[in-house]
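See below for the structure under consideration.
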Amino acid sequence: MPDCNRTCAEALRLTAEREQRLLLCRCGRSADLPYCDGSHSPPAPGLGDKWRRFIGKA
30 MPDCNRTCAE
40 ALRLTAEREQ
50 RLLLCRCGRS
60 ADLPYCDGSH
70 SPPAPGLGDK
80 WRRFIGKA
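All letters in the sequence shown, in the order written, are residues 30 to 87 by this note's numbering.
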């Protein structure tokens with residue numbers, strides 16, 4: 030609860046089991062909407078290249 034301090038008996042704790050990253054489509058061309066499948070651009074050789082292109086550091 031947002032207004033609950035550390036000693037509050039009604040406090041909730043969330044522990045994430047794992048981290049997952051999703052690439053969402055911004056161009057609308059993906060066959061797997063809302064997720065990006067890279068339809069908007071030519072193939073990249075590896076995941077690192079795809080990620081750099083996605084965040085604009087290609």
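All residues carry an ideal CB built from backbone N, CA and C; glycine is no exception.
Range of the contiguous alpha helix (DSSP H) that encloses residue i
i     : result
Arg81 : Leu76 to Ile84
Euclidean distance between Cα positions of residue i and residue j
i     : j     : result
Gly77 : Gly57 : 22 Å
Pro63 : Thr44 : 26 Å
Gly75 : Arg50 : 16 Å
Arg54 : Thr36 : One point to set straight first is that residue 54 is Cys, not Arg, in the sequence displayed. Taking the straight line joining both Cα atoms gives about 42 Å.
Ala60 : Ser68 : 8 Å
Ala40 : Asn34 : 8 Å
Ser70 : Glu48 : 27 Å
Ile84 : Ala73 : 14 Å
DSSP beta-bridge partners of residue i
i     : result
Leu53 : Tyr64
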